[in-house]
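Asker: Position 180 of the sequence shown, counting from 1, maps to 179 under numbering that gives the first Met the number 0, and the rest follow consecutively.
What follows is a single structure, and I will ask about it in a moment.
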Amino acid sequence: MDSPEQPSSPAPTLPPCCAMGGILVLALSFSSCSAITPQPRDPDTLVRLADDDIKGIDPQSSSDLATMRVAADQFEGVTRLNGKGIAEPGLAQSWRTTADGLTWQFDIRTGLRFPDGPAISAASFVAVWKRLVDPRSPSPLQDLARPIAAMAAQGPHLLIVRLRHPAPHLPELMAHPALAALPLHRPGWATERPVTASGAYRLSEWVLNDHIRLERNPAWHEGRAPIAGIEWKPVSDSLTGMRAFLGGQADIAGEFPASRLRSLSARLGSAVHIAPYRGSYYFAFNTRRPPFNDVRIRRALDLAVDRVWLSKSLIATGVSPATSVVPPQLLHDCTENSSAPSPLKERLEQARKLLREAGYGPTRPLHFSIRFNSDTDHKRAAVALAAMWAPLGVKADLLNSEASLHFASLRRGDFDLARSGWIGDVSAPENFLSIHRSDAGPANYSGFANSRFDAALDQAEQHANPQRRACGMRKAAAILAEDAPVLPLWFYVSKSLVSDHVAGWQDNLANAHPSRTLWFKQ
0 MDSPEQPSSP APTLPPCCAM GGILVLALSF SSCSAITPQP RDPDTLVRLA DDDIKGIDPQ
60 SSSDLATMRV AADQFEGVTR LNGKGIAEPG LAQSWRTTAD GLTWQFDIRT GLRFPDGPAI
120 SAASFVAVWK RLVDPRSPSP LQDLARPIAA MAAQGPHLLI VRLRHPAPHL PELMAHPALA
180 ALPLHRPGWA TERPVTASGA YRLSEWVLND HIRLERNPAW HEGRAPIAGI EWKPVSDSLT
240 GMRAFLGGQA DIAGEFPASR LRSLSARLGS AVHIAPYRGS YYFAFNTRRP PFNDVRIRRA
300 LDLAVDRVWL SKSLIATGVS PATSVVPPQL LHDCTENSSA PSPLKERLEQ ARKLLREAGY
360 GPTRPLHFSI RFNSDTDHKR AAVALAAMWA PLGVKADLLN SEASLHFASL RRGDFDLARS
420 GWIGDVSAPE NFLSIHRSDA GPANYSGFAN SRFDAALDQA EQHANPQRRA CGMRKAAAIL
480 AEDAPVLPLW FYVSKSLVSD HVAGWQDNLA NAHPSRTLWF KQ
């Protein structure tokens with residue numbers, strides 16, 4: 000998950016101060032309008048900060064993290080993620096698969112209904128899947144369902160899923176909100192309030208760039224969710240979010256500036272959570288046009304990056320250096336003796352040689368722009384890269400824009416080098432690799448096209464054996480690294496601030512913390 004999409008439903012309510020045209024920027028505000036007059040806290044409402052506003056109600060219309068987290072609170076699938084980020088039974092009570100891993104059966108619970116009365120059955124999930132993969136659908140998540148060849152209902156309580164190739168992560172995939180039970184029987188469901196939900200909560204109010212309110216879903220199959228109400232507030236700047244948390248205006252902040260880790264840990268102790276996260280942070284080269292259509296230039300810049308310094312000194316939150324886009328935890332079934340990188344001095348000489356071969360040097364310096372979206376850490380990374388390349392005679396200009404404009408530029412291919420990265424939808428290497436396929440469409444920001452890479456990924460996906468599958472994925476990742484369409488820097492850790500009166504929070508690789516798994520301490 001990375002690229003935000005535009006909502007397909009009508010715009011939500013505007014906050015009154017924005018509707019009147021007054022926009023004030025306050026250091027402690029959640030947004031330009033929300034904190035002008037701080038509202039009293041409802042003791043029965045959990046306030047969570049998101050890194051952006053949602054892009055729509057329909058979980059098939061967007062791919063950004065904020066939208067998916069709010070959708071996961073509202074829509075439940077045959078499976079769902081628990082507090083440890085692991086797939087567990089959801090609207091299905093059990094599942095099984097054949098020995099070849101190509102056919103799965105999910106046993107749908109009896110008595111399931113939407114709040115307005117219609118039953119939720121196996122056919123409900125077939126309809127949702129067909130809607131997602133319809134060629135006429137504009138959904139950015141179609142590739143997510145690529146392993147699924149067919150879905151069929153055998154009666155109201157048995158769902159059959161047939162795969163194109165083995166996909167051991169299918170239970171986790173079926174927990175994605177895009178494949179959850181959606182109220183497709185209501186044509187305007189995404190514009191209705193409250194939203195007709197299948198999960199623990201339903202959206203009752205959405206004020207653009209200010210807040211989203213969720214209330215308990217009276218028809219949820221497990222009864223009453225532990226907390227009466229959930230309020231998500233968008234905060235695009237992690238420093239502002241940190242200040243809101245410290246000021247008691249939020250119970251959970253999903254991010255904070257890396258530079259504040261030491262002071263926060265001293266002040267808040269166990270309220271600060273740092274954990275490994277299935278995500279990779281990288282910059283994408285635009286391989287469609289000069290200068291980065293030349294692999295020698297991409298490799299030269301890659302060689303000159305001191306990833307150890309970036310991860311250990313600049314960010315210093317426990318992130319680890321990355322030379323691949325795939326987190327190592329997802330390839331543990333394939334062991335490999337990796338050699339230590341050459342000393343930086345040797346790598347710089349190799350980089351100079353490659354740049355000379357490509358026609359760049361003192362009389363013709365390489366000049367391009369580094370685009371990044373607004374965030375302190377993104378800016379620090381861009382500044383550091385420019386400084387590392389300066390000894391090569393490279394001049395890199397910095398170009399900053401807010402998130403929606405930044406990712407729109409990436410989808411259009413309007414950039415030289417741009418901040419990107421990927422947070423896994425599921426814990427599978429192919430989820431990190433498939434967006435770089437030649438047929439991945441706008442999600443392939445770099446425009447990378449390599450038939451060897453595509454074939455290696457296709458071959459890896461055919462293996463049901465975990466070791467052969469992981470080693471095949473590692474081979475595909477090596478081809479990607481060799482051609483260097485992206486510049487991996489580090490593997491993420493999740494950084495969260497959680498109030499000491501919130502219980503149920505469990506750090507996990509997926510950084511999944513559904514609101515139904517949390518409760519207030521008495």
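From the three backbone atoms N, C-alpha and C, an ideal C-beta is built for every residue, glycine too.
For the region 87-118, list the beta strand (DSSP E) runs that are entirely contained and at least 3 residues long, ordered along the chain.
Answerer: Runs found: 91-96 and 102-107.
Asker: From this set, D57, S258 and I229, which residue's C-alpha is nearest L309's C-alpha?
Answerer: Residue numbering aside, residue 309 sits at position 310 when the sequence shown is read from its first letter. The residue with the shortest Cα to Cα distance from L309 is S258.
Asker: Assign K520 to one of three DSSP states: helix, strand, or coil.
Answerer: In the sequence shown, residue 520 corresponds to position 521, counting from 1. Coil, per DSSP.
Asker: According to DSSP, simplified to helix, strand and coil, what is V501?
Answerer: Mapped onto the sequence shown, residue 501 falls at position 502. It is a strand residue.
Asker: So, with DSSP's three-state summary, where would you put T44?
Answerer: The residue labelled residue 44 in the question sits at position 45 within the sequence shown. In this structure, T44 counts as strand in the three-state DSSP scheme.
Asker: G247 and S495 - do their beta-carbons sit closer together than 8 angstroms?
Answerer: Within the sequence shown, residue 495 is the residue found at index 496, counting from 1. Within the sequence shown, residue 247 is the residue found at index 248, counting from 1. Contact flag unset, no.
Asker: What does a CB cutoff of less than 7 angstroms around G503 pick up in its chain, not counting 5 residues either side in sequence?
Answerer: On the sequence shown, residue 503 is found 504 positions in, with the first residue counted as 1. Around G503: G82, T516, L517 and W518.
Asker: Specify, as a first and last residue, the run of the alpha helix (DSSP H) that N430 falls within.
Answerer: Here residue 430 corresponds to residue number 431 of the sequence shown, with the count starting at 1. Run containing N430: P428 to L432, per the alpha helix (DSSP H) assignment.
Asker: On the three-state DSSP scale, how would you describe P176?
Answerer: The residue given as residue 176 occupies position 177 in the sequence shown. In the structure shown, P176 sits in a helix (DSSP, three-state: H, G or I).
Asker: If contact is defined by three or more beta carbon pairs under 8 angstroms, each pair taking one atom from either stretch, is the region 226-246 in contact with the region 206-216?
Answerer: In short, these stretches touch, since the Cβ pair count reaches three.
Asker: Output needed for F447: all residues of its chain with C-beta closer than 6 angstroms, excluding positions within five of it in sequence on either side, in chain order.
Answerer: Here the question's residue 447 lines up with position 448 in the sequence shown. So the list reads T286, H435 and P484, once near-sequence residues are dropped.
Asker: In the DSSP assignment, the alpha helix (DSSP H) including F406 goes from what residue to what residue?
Answerer: As a first step, residue 406 must be located in the sequence shown, where it is residue number 407. From DSSP, the alpha helix (DSSP H) with F406 extends over A402 to R411.
Asker: Classify P585 as helix, strand or coil using the three-state DSSP reduction.
Answerer: The question about residue 585 has no answer, for the chain in this structure spans 0 to 521.
Asker: So the candidates are Q73, V492, A511 and M67; which of them puts its Cα closest to the Cα of S315?
Answerer: Taking the sequence shown and counting its residues from 1, the one referred to as residue 315 is at position 316. The sequence shown places Ala at residue 315, rather than the Ser named in the question. Closest option to A315, Cα to Cα, is V492.
Asker: Rounding to the nearest angstrom, what Cα-Cα distance links H377 and P342 in this structure?
Answerer: The sequence position of residue 377 within the sequence shown is 378, counting from 1. The sequence position of residue 342 within the sequence shown is 343, counting from 1. In a straight line, the C-alpha of H377 is about 26 angstroms away from that of P342.
Asker: Starting from P275, follow its DSSP beta bridges and name the residues at the other end.
Answerer: Here residue 275 refers to the residue found at position 276 when the sequence shown is read from its first residue. BP columns for P275 point to V492.
Asker: Check W205 in the structure and name its three-state DSSP category.
Answerer: Counted from its first residue, the sequence shown places residue 205 at position 206. Three-state result, W205: strand.
Asker: Looking only at its chain, what residues have a beta carbon closer than 6 angstroms to the beta carbon of L397, apart from the 5 residues adjacent to it on each side?
Answerer: Mapped onto the sequence shown, residue 397 falls at position 398. Counting only Cβ-Cβ distances below 6 angstroms, and skipping sequence neighbours, we find I369 and A381.
Asker: Could you say which of L263, L45 and S433 lies nearest to D142 if we only look at CA atoms?
Answerer: Numbered from 1 along the sequence shown, position 143 holds the residue referred to as residue 142. For the residues L263, L45 and S433, the minimum Cα distance to D142 belongs to S433.
Asker: In terms of residues, what are the limits of the beta strand (DSSP E) holding H366?
Answerer: Here the question's residue 366 lines up with position 367 in the sequence shown. Here the beta strand (DSSP E) through H366 covers H366 to N372.
Asker: With distance defined between alpha-carbon atoms, name the residue in H164, A148 and G240 nearest to N464.
Answerer: Within the sequence shown, the letter at position 465 stands for residue 464. Of the candidates H164, A148 and G240, the one whose C-alpha sits nearest the C-alpha of N464 is H164.
Asker: Can you give the Cα-Cα distance for R410 and S403, rounded to whole angstroms?
Answerer: Counting from 1 along the sequence shown, the entry for residue 410 is found at position 411. Counting from 1 along the sequence shown, the entry for residue 403 is found at position 404. Computed Cα separation, rounded: 11 angstroms.
Asker: Given T239, which residues of its chain have a CB within under 6 angstroms of its CB, disregarding the five upstream and five downstream residues?
Answerer: The residue you call residue 239 lines up with position 240 of the sequence shown. Within the same chain, T239 has no close Cβ partners at all.
Asker: Indicate the three-state DSSP secondary structure (helix, strand or coil) for T66 in the structure shown.
Answerer: In the sequence shown, the residue the question calls residue 66 occupies position 67. Of the three classes helix, strand and coil, the one that applies to T66 here is helix, per DSSP.
Asker: Determine the closest residue to V125 out of D115, I107 and L456, with distance taken between C-alpha atoms.
Answerer: As a first step, residue 125 is located in the sequence shown; it is residue number 126 there, counting from the start. Closest by alpha carbon: I107.
Asker: Note down, in chain order, each residue of its chain lying with its Cβ closer than 8 angstroms to the Cβ of L260, except the 5 sequence neighbours on either side.
Answerer: For this step, residue 260 is matched to residue 261 along the sequence shown. These residues qualify, in order along the chain: V271, I273, A315, T316 and K494.
Asker: So, for K520: in the same chain, excluding its five sequence neighbours on each side, which residues have a beta-carbon less than 6 angstroms away from its beta-carbon?
Answerer: Looking up residue 520 in the sequence shown gives position 521. Cβ neighbours of K520 beyond the five flanking positions: H500 and A502.
Asker: Considering only C-alpha positions, which residue in the set E429, G423 and E481 is nearest to N449?
Answerer: Looking up residue 449 in the sequence shown gives position 450. Nearest of E429, G423 and E481 to N449, Cα basis: E481.
Asker: For R346, which residues of its own chain have a beta-carbon under 8 angstroms away from its beta-carbon, when the five flanking residues on both sides are left out?
Answerer: In the sequence shown, the residue the question calls residue 346 occupies position 347. These residues qualify, in order along the chain: L302, A303 and P340.
Asker: In whole angstroms, what separates the C-alpha of E356 from that of V325?
Answerer: Here residue 356 is taken as the residue at index 357 of the sequence shown, counted from 1. Here residue 325 is taken as the residue at index 326 of the sequence shown, counted from 1. If I take the Cα positions, the gap works out to 30 angstroms.
Asker: Going straight from the alpha carbon of A350 to that of G268, what length do you get?
Answerer: Against the sequence shown, residue 350 aligns to sequence position 351. Against the sequence shown, residue 268 aligns to sequence position 269. Roughly 44 angstroms separates the two Cα atoms.
Asker: Would you mind working out which of S426, R223 and S408 sits nearest N443, comparing C-alpha positions?
Answerer: As a working note, residue 443 is residue 444 in the sequence shown. Nearest C-alpha to N443: S408.
Asker: What is the residue span of the beta strand (DSSP E) that W231 lies within?
Answerer: As a first step, residue 231 is located in the sequence shown; it is residue number 232 there, counting from the start. Taken as a continuous stretch (DSSP letters only), the beta strand (DSSP E) holding W231 covers G228 to P233.
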